[in-house]
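Chemist:
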Amino acid sequence: MAINLSVDLGAGLVLKNPVLTASGTFGYGHEFSDFIDLDKLGGFIVKGTTLEPRQGNPSPRMAETPMGMINAVGLQNKGVAYFVDHIYPTLTRFDSEVIVNVSGAKLSDYVAVAEALAPLDKIHAIEVNISCPNVKAGGMAFGTTAAGAAEVTSAVRKAWNKHLMVKLSPNVTDITEIATAAEASGADSVSLINTLLAMDIDVERRRPRLSTITGGLSGPAVRPVAVRMVWQVAKRVKIPVVGLGGICSADDALQFIMAGATAVQVGTANFIDPTVTIRIIDGITDYCHRHNISDINSLRGII
Amino acid sequence: MAINLSVDLGAGLVLKNPVLTASGTFGYGHEFSDFIDLDKLGGFIVKGTTLEPRQGNPSPRMAETPMGMINAVGLQNKGVAYFVDHIYPTLTRFDSEVIVNVSGAKLSDYVAVAEALAPLDKIHAIEVNISCPNVKAGGMAFGTTAAGAAEVTSAVRKAWNKHLMVKLSPNVTDITEIATAAEASGADSVSLINTLLAMDIDVERRRPRLSTITGGLSGPAVRPVAVRMVWQVAKRVKIPVVGLGGICSADDALQFIMAGATAVQVGTANFIDPTVTIRIIDGITDYCHRHNISDINSLRGII
Amino acid sequence: MSKCICDFRLIQSYALPSGNRIMQFIPEGDCPECFPGQFIEVKIDHAPTALLRRPISVCHYSVRDGLTLLVKPQGPATSLFTELPLGSVVNMMLPLGHGFNTDIKPGEKVLLAGGGVGIAPLVMLCDCLAEKGATVHIALGGRSANDINGIPQLFPKAERVFASTNDGSAGTEGVVTDIPIFERLADYERVYCCGPTPMMKAVARIARASEVWCEVSLENHMACGLGACLCCVENINEAEGNVCVCTEGPVFNINRLTSWQ
Amino acid sequence: MSKCICDFRLIQSYALPSGNRIMQFIPEGDCPECFPGQFIEVKIDHAPTALLRRPISVCHYSVRDGLTLLVKPQGPATSLFTELPLGSVVNMMLPLGHGFNTDIKPGEKVLLAGGGVGIAPLVMLCDCLAEKGATVHIALGGRSANDINGIPQLFPKAERVFASTNDGSAGTEGVVTDIPIFERLADYERVYCCGPTPMMKAVARIARASEVWCEVSLENHMACGLGACLCCVENINEAEGNVCVCTEGPVFNINRLTSWQ
Chain A
117 MAINLSVDLG AGLVLKNPVL TASGTFGYGH EFSDFIDLDK LGGFIVKGTT
167 LEPRQGNPSP RMAETPMGMI NAVGLQNKGV AYFVDHIYPT LTRFDSEVIV
217 NVSGAKLSDY VAVAEALAPL DKIHAIEVNI SCPNVKAGGM AFGTTAAGAA
267 EVTSAVRKAW NKHLMVKLSP NVTDITEIAT AAEASGADSV SLINTLLAMD
317 IDVERRRPRL STITGGLSGP AVRPVAVRMV WQVAKRVKIP VVGLGGICSA
367 DDALQFIMAG ATAVQVGTAN FIDPTVTIRI IDGITDYCHR HNISDINSLR
417 GII
Chain B
117 MAINLSVDLG AGLVLKNPVL TASGTFGYGH EFSDFIDLDK LGGFIVKGTT
167 LEPRQGNPSP RMAETPMGMI NAVGLQNKGV AYFVDHIYPT LTRFDSEVIV
217 NVSGAKLSDY VAVAEALAPL DKIHAIEVNI SCPNVKAGGM AFGTTAAGAA
267 EVTSAVRKAW NKHLMVKLSP NVTDITEIAT AAEASGADSV SLINTLLAMD
317 IDVERRRPRL STITGGLSGP AVRPVAVRMV WQVAKRVKIP VVGLGGICSA
367 DDALQFIMAG ATAVQVGTAN FIDPTVTIRI IDGITDYCHR HNISDINSLR
417 GII
Chain C
794 MSKCICDFRL IQSYALPSGN RIMQFIPEGD CPECFPGQFI EVKIDHAPTA
844 LLRRPISVCH YSVRDGLTLL VKPQGPATSL FTELPLGSVV NMMLPLGHGF
894 NTDIKPGEKV LLAGGGVGIA PLVMLCDCLA EKGATVHIAL GGRSANDING
944 IPQLFPKAER VFASTNDGSA GTEGVVTDIP IFERLADYER VYCCGPTPMM
994 KAVARIARAS EVWCEVSLEN HMACGLGACL CCVENINEAE GNVCVCTEGP
1044 VFNINRLTSW Q
Chain D
794 MSKCICDFRL IQSYALPSGN RIMQFIPEGD CPECFPGQFI EVKIDHAPTA
844 LLRRPISVCH YSVRDGLTLL VKPQGPATSL FTELPLGSVV NMMLPLGHGF
894 NTDIKPGEKV LLAGGGVGIA PLVMLCDCLA EKGATVHIAL GGRSANDING
944 IPQLFPKAER VFASTNDGSA GTEGVVTDIP IFERLADYER VYCCGPTPMM
994 KAVARIARAS EVWCEVSLEN HMACGLGACL CCVENINEAE GNVCVCTEGP
1044 VFNINRLTSW Q
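Sequence lines, in order, name chains A, B, C and D. Remember, my numbering sits 116 above the position in the first sequence when you count from 1. Remember, my numbering sits 116 above the position in the second sequence when you count from 1. Remember, my numbering sits 793 above the position in the third sequence when you count from 1. Remember, my numbering sits 793 above the position in the fourth sequence when you count from 1.
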């Protein structure tokens, strides 16, 4: 049986399969090219790009927790100009979609990054990050109110006429409200969840394990929260939803799809098994064979 | 070295040590009396009590997730009158503090339960649950806005002149705002976190694992989120904070204490090891010996 | 009868043709007695996703032979458990739950019907009832002969062992209630059943119709096994509503199960 | 040099007097070559709290003898790892990182200074440099004789092995830089160091003062080991800022480490 895994996220973003990699967990792709054929992915989302270069936060930036990890990288990157001149040329050869995650401290930063990326033919979509918990200004501050989300989305929308994905924070009372605001302000899709704000203490040394005290929790631990939020948002908005949060297997990915996601992102699991994305794509194919599903789109939102 | 483990939560609630058991995870205590001496606990919080008897939700009510579990019990209990007549008499013989968790669908229910419990000499404290994610009305609805939290706290405060603990929901944008509202409305302490709203899907059967679709996530998976929230709240309010969320060991308990908790509650871990509370108390004593700490209170909030 | 947490050492382990596994343990210290129909909660170490203990029926218990379990490897945790090497030490909480009523008179004729891993508690029950002077018949249901082979040997004191398989490769073709003995169930004083829910409901239906005393052993997702978490409830009848399978059961007389049919 | 994920079988495992463990593995299939100072990321199965792989220095690698690791059991995961029975198969990702510069001339005199589990990469480095014609001296630092005993035997090709212990129970009393050779460090063409950060900073300080070429092997909490997660950065100098220890390092020449002193 031929199985269709292709999904259409709208506004020109069509993926050969629903598996993307999450920003900040897959570098610029080439870090994984010894292990997998990147062209087999639905696409990959390169790490958070800001207007100016950023050094990120001091070490330690990472702590392991039960079935999770907390990070406080803080958007370390060389800035959008460096990306355009030096990194983008290494990405044009890929057949998979390449999506750029866009972050900023203030509204005009987001807009300037979007403008700088707009001429790049290979980039059909950006993911606007209004949910990074690890930077002082911007980031999550925009993502925790409907007004903030609307403001960033509207501003970027004017500077970017290709696919606009908005990445939502789970650290809110009602994520459907934020998603609705992004949709109303012109988002073509929403991706969720970013990390949960968290903290871990080294009791022997009596100090936090991260230099920033708090950081963002990801990994299998958060998956049940992420699935719930995707289910809530998918019931509420009309634009496609991209689900992420602790996906490690085809079954995990299928949970998000059944909860209403059109595509998924694989994050932390890339750190443990650099081939996990391929295993997930193969596992979804296998599931469809076993269950006589000819089109992955038919499983979307069945819960 | 003699070590003081006793903590004072104010308004007449003094515990011989900071270890309580979380509501809904320890029955009415006697379920555990084959395994541990209940009088060694700081206290135990008996399960959510409502005005009328409640049958709770249909099966299945539980799903296991990575280092966590989701439950949707839905406050099954025989009502406060049954508690007063039949269960309370079995609790008076304990030397440990017994705290009753109070839940309701509407404001007047909370008040009526508090009034019914007020004459019980052995009960020095109630924990008002404004954060249960598994009931349709009341519960979490009150706990996700500062106004709702203030309303319940104020109303119960009028009916209850002993220690009033308010249990907070983590499913909010800013938990310090809710904690502050509870404090301003007369709470003597706040306990946090209740469960995170979550969901798990059986992809083979293509249906949710819980009868209620969503439920509350607890266990080690949520600990980093809980420690973060306790740290935030303890920096913000003056009343004592009681920390809970995934505590399985003395080190886990000490994380909460260092983050600012005066006492802790052990929940899900009771299901895995019915003696875990005693192990934690012994482990805290051991830690104090190793680190030359003569009073557990000196570790509170050092982060 | 006091519950306790004990370590047990695995001294024998072999697979049945079905793939299910017989595992025999001896206690590392004092261990309370277990009765037919009770269960244990085992902590499966090193199973990364298994936070909770796993409830498993007592297949057999005696002071001389220790504790025997019949385990189906159905997920990562139970698979890890069934692959434990001899000599492994595992931590169990026991005895849990309310077992079968074995208060019978010598000479009674009883039927024990089971399927899959549900035959586990019937093994000890058969020995117990036979020792009390009952004439015990066994009715086994399986998908094919592989599910039946090796099982009759677990019931040395049974007078007769009947079987059914879906594909007819052993015994009667069909389900367990297709075995002819169910046409004259009133020949038995008592029927005990443990197996998949549809099997138990079918057996209970015939027992009700034949007015034969009947107990079934229910199953549900459990967290604590102690009646504290209230996760494993079954709505058993209008008066009692939701009760904990782990403490009120797992064994119930069908007369009490009016909401479960 | 292409990275890969391979299974390895444990063929030898023994504890040193320090409690650290020497573990020798052979690859189950093709495996790329590893160079001194590189590391592997191992997946420790069945360690419930270890989500991530654990980075471990390559102690020795050769086609003939396979891969040797020197492992400190310092948490639940590494403890489980060091207790693996012979024959266990573990999954590793390798070779990772940028190792020591071994581009030397025959006849050079080099010093390898290490402490604790940090001596691991020096073992292979010593063999490699000696084979290239270097005269290799080793300086070991430990708390007591238990940390030193058994270690000199890991450096059969070293000309001299010096030691220091905090309690004076073996070698010079004090820290590694109290060994008299550090008073005339300029006698060496190169110094390589791997150990606790204070030890490496002390060695680097003397090397700078003595104007001796020096490489150190840094350590940091890592998630991926591939330069993707940016968790293990070190601020190495003003121009480069935060760089990944896992890909730019773990070995750095101290000339590049101007912000690390």
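Glycine included, every Cβ here is placed at the ideal spot set by N, Cα and C. All figures in this text were calculated on a predicted structure; none of them were measured in a lab.
I need the DSSP call for K156 (chain A), collapsed to helix, strand or coil.
Modeler: The residue labelled residue 156 (chain A) in the question sits at position 40 within the first sequence. The answer is helix: DSSP assigns K156 (chain A) an H, G or I state.
Chemist: Per the DSSP calculation, W1006 (chain D) is bridged to which residue(s)?
Modeler: Numbered from its first residue, the fourth sequence carries residue 1006 (chain D) at position 213. DSSP lists D:R983 as partners of W1006 (chain D).
Chemist: How close, in whole Å, do the beta carbons of Y226 (chain A) and A262 (chain A) come, if the pair is a contact with beta carbons under 8 Å?
Modeler: Locating residue 226 (chain A) in the first sequence gives position 110, where the first residue counts as 1. Locating residue 262 (chain A) in the first sequence gives position 146, where the first residue counts as 1. No, Y226 (chain A) and A262 (chain A) are not in contact; Cβ-Cβ is about 17 Å, not under 8 Å.
Chemist: According to DSSP, is E834 (chain C) helix, strand or coil?
Modeler: Mapped onto the third sequence, residue 834 (chain C) falls at position 41. Looking at E834 (chain C) - three-state DSSP - the assignment turns out to be strand.
Chemist: Starting from V916 (chain D) and walking both ways along the alpha helix (DSSP H), at which residues does that stretch end?
Modeler: Working through the fourth sequence from its first residue, we reach residue 916 (chain D) at position 123. Taken as a continuous stretch (DSSP letters only), the alpha helix (DSSP H) holding V916 (chain D) covers 913-924.
Chemist: If I'm right that E414 (chain A) touches V357 (chain A) with Cβ under 8 Å, what's the distance once you round it to whole angstroms?
Modeler: Numbered from its first residue, the first sequence carries residue 414 (chain A) at position 298. Numbered from its first residue, the first sequence carries residue 357 (chain A) at position 241. The question names Glu, but residue 414 (chain A) in the sequence shown is Ser. The pair is not a contact, with the Cβ atoms about 16 Å apart (cut-off 8 Å).
Chemist: Could you tell me the distance, in whole angstroms, from the CA atom of A228 (chain B) to the CA atom of L167 (chain B)?
Modeler: As a position in the second sequence, residue 228 (chain B) is number 112, starting the count at 1. As a position in the second sequence, residue 167 (chain B) is number 51, starting the count at 1. Roughly 7 Å separates the two Cα atoms.
Chemist: Among residues of its own chain, excluding the 5 on either side of S811 (chain D), which ones have a beta-carbon nearer than 6 Å to its beta-carbon?
Modeler: Counting from one through the fourth sequence, the residue named residue 811 (chain D) turns up at place 18. Same-chain partners within the cutoff: N939, D940.
Chemist: At the level of alpha carbons, what is the spacing between V916 (chain C) and D155 (chain B)?
Modeler: To locate residue 916 (chain C), count along the third sequence from 1; it is residue 123. To locate residue 155 (chain B), count along the second sequence from 1; it is residue 39. So the two alpha carbons sit approximately 41 Å from each other.
Chemist: Could you run through the segment 834-853 of chain D and flag, in chain order, every residue whose CB is less than 8 Å away from some CB of chain A?
Modeler: If the cut-off is 8 Å between Cβ atoms, the segment 834-853 of chain D has K836, P841, T842, A843, L844, L845, R846 near chain A.
Chemist: Please classify T165 (chain B) as buried or exposed, where buried requires at least 16 other C-beta atoms within 10 Å of its C-beta.
Modeler: Sequence index remark: in the second sequence, residue 165 (chain B) carries index 49 (1-based). Classification of T165 (chain B): buried, given that the 10 Å Cβ count is 16 or more.
Chemist: For a contact meaning CB atoms closer than 9 Å, what does Q192 (chain B) contact in chain C?
Modeler: As a first step, residue 192 (chain B) is located in the second sequence; it is residue number 76 there, counting from the start. Here the neighbours are L1023, V1026, G1034, N1035.
Chemist: Give me, in chain order, the residues of the same chain whose beta-carbon lies closer than 7 Å to that of A257 (chain B); leave out the 5 immediate sequence neighbours on both sides.
Modeler: Reading the second sequence from its first residue, position 141 is the one you call residue 257 (chain B). Result list for A257 (chain B): G264, in chain order.
Chemist: Does the distance from the CB of P899 (chain C) to the CB of F828 (chain C) come in under 8 Å?
Modeler: Translated into the one-based positions of the third sequence, residue 899 (chain C) becomes position 106. Translated into the one-based positions of the third sequence, residue 828 (chain C) becomes position 35. In this structure, F828 (chain C) does not lie closer than 8 Å to P899 (chain C) by Cβ.
Chemist: Quick check on this structure: which residue in A:F142, A:T181, A:V162 has the alpha carbon closest to the alpha carbon of L845 (chain D)?
Modeler: Mapped onto the fourth sequence, residue 845 (chain D) falls at position 52. Among A:F142, A:T181, A:V162, the Cα nearest to that of L845 (chain D) is on A:T181.
Chemist: If you count every other CB in all the chains shown that lies within 10 Å of the CB of L879 (chain D), and 16 or more means buried, which is it?
Modeler: For the purposes of this step, residue 879 (chain D) is identified with residue 86 of the fourth sequence, where counting begins at 1. By the neighbour-count rule (16 or more Cβ atoms within 10 Å), L879 (chain D) is not buried but exposed.
Chemist: Compute the distance between the beta-carbons of A870 (chain D) and I837 (chain D), then report whether it is under 8 Å.
Modeler: Here residue 870 (chain D) refers to the residue found at position 77 when the fourth sequence is read from its first residue. Here residue 837 (chain D) refers to the residue found at position 44 when the fourth sequence is read from its first residue. Going by C-beta atoms, A870 (chain D) is nearer than 8 Å to I837 (chain D).
Chemist: Where do the ends of the alpha helix (DSSP H) carrying V272 (chain B) lie?
Modeler: Here residue 272 (chain B) refers to the residue found at position 156 when the second sequence is read from its first residue. Counting along the chain, the alpha helix (DSSP H) containing V272 (chain B) begins and ends at 262-275.
Chemist: Please classify I418 (chain B) as buried or exposed, where buried requires at least 16 neighbouring CB atoms within 10 angstroms.
Modeler: Position 302 of the second sequence, counting from 1, holds the residue named residue 418 (chain B). Result: exposed.
Chemist: At the level of alpha carbons, what is the spacing between K376 (chain B) and N287 (chain B)?
Modeler: Along the second sequence, read from residue 1 onward, the residue named residue 376 (chain B) stands at position 260. Along the second sequence, read from residue 1 onward, the residue named residue 287 (chain B) stands at position 171. Checking the sequence shown, residue 376 (chain B) turns out to be Gly, not Lys. Approximately 20 Å between the Cα atoms of the pair.
Chemist: Taking E1027 (chain C) as the reference, give the member of B:K163, B:N173, B:L136 with the closest Cα.
Modeler: Your numbering for residue 1027 (chain C) matches position 234 in the third sequence. The shortest Cα separation from E1027 (chain C) among B:K163, B:N173, B:L136 belongs to B:N173.
Chemist: In chain order, what residues of the same chain lie with their CB nearer than 6 Å to the CB of L333 (chain B), ignoring the 5 residues before and after it?
Modeler: If you number the second sequence from 1, residue 333 (chain B) lands on position 217. Correct list, in chain order: G184, I186, T311, L312, A314.
Chemist: Starting from A350 (chain A), trace the alpha helix (DSSP H) in both directions and tell me its first and last residue.
Modeler: By 1-based counting over the first sequence, the position of residue 350 (chain A) is 234. Per DSSP, A350 (chain A) belongs to the alpha helix (DSSP H) from 339-352.
Chemist: Taking any Cβ of chain A, which residues in the segment 151-163 of chain B have a Cβ under 8 Å from it, in chain order?
Modeler: The segment 151-163 of chain B vs chain A, Cβ under 8 Å: nothing.
Chemist: Just to confirm the assignment: which complete alpha helix (DSSP H) runs, minimum length 4, are found wholly within the segment 348-409 of chain B?
Modeler: DSSP runs (the alpha helix (DSSP H)) wholly in the segment 348-409 of chain B: 366-374, 385-388, 392-406.
Chemist: Using a Cβ cut-off of 7 Å, pull out every chain C residue sitting near T141 (chain B), in sequence order please.
Modeler: Within the second sequence, the letter at position 25 stands for residue 141 (chain B). Chain C residues near T141 (chain B): A1021, C1022.
Chemist: Over what stretch of residues does the beta strand (DSSP E) that includes D971 (chain D) continue unbroken?
Modeler: Taking the first residue of the fourth sequence as position 1, residue 971 (chain D) is located at position 178. Counting along the chain, D971 (chain D) falls outside any beta strand (DSSP E), and DSSP gives it neither H nor E.
Chemist: So the beta strand (DSSP E) E320 (chain B) belongs to, where does it begin and stop?
Modeler: Within the second sequence, the letter at position 204 stands for residue 320 (chain B). Counting along the chain, E320 (chain B) falls outside any beta strand (DSSP E), and DSSP gives it neither H nor E.
Chemist: Ignore the nearest five residues each way along the sequence and tell me which others in G911 (chain C)'s own chain have a CB closer than 6 Å to its CB.
Modeler: Here residue 911 (chain C) refers to the residue found at position 118 of the third sequence. Closer than 6 Å at Cβ, skipping near neighbours: C987, G988.
Chemist: Using a beta-carbon distance below 8 Å, is P59 (chain B) in contact with chain A?
Modeler: Nothing in the structure corresponds to residue 59 (chain B), since chain B is present only between 117 and 419.
Chemist: Should M178 (chain A) be flagged as near chain B, meaning a C-beta pair shorter than 8 Å?
Modeler: Locating residue 178 (chain A) in the first sequence gives position 62, where the first residue counts as 1. So, not an interface residue.
Chemist: Check the Cβ-Cβ distances between G335 (chain A) and every residue of chain D, and say whether any is below 8 Å.
Modeler: Along the first sequence, read from residue 1 onward, the residue named residue 335 (chain A) stands at position 219. Closer than 8 Å to some Cβ of chain D, the Cβ of G335 (chain A) qualifies, so yes.
Chemist: Use the C-beta contact count for M86 (chain B): other C-beta atoms within 10 angstroms, 16 or more gives buried, fewer gives exposed.
Modeler: Residue coverage of chain B in this structure runs from 117 to 419, which leaves residue 86 (chain B) outside it and unanswerable.
Chemist: Grab the span of the alpha helix (DSSP H) containing P989 (chain C) for me, first residue to last.
Modeler: Walking along the third sequence from the start, residue 989 (chain C) turns up at place 196. Here P989 (chain C) belongs to no alpha helix (DSSP H), and DSSP marks it neither H nor E.
Chemist: Does any residue of chain C have a CB that is nearer than 8 Å to the CB of Q171 (chain B)?
Modeler: The residue given as residue 171 (chain B) occupies position 55 in the second sequence. Yes, Q171 (chain B) counts as interfacial toward chain C.
Chemist: Can you give me the start and stop residues for the alpha helix (DSSP H) that T292 (chain A) sits inside?
Modeler: For the purposes of this step, residue 292 (chain A) is taken as the residue at position 176 of the first sequence. It spans 291-300 - the alpha helix (DSSP H) in which T292 (chain A) sits, taken as one unbroken run.
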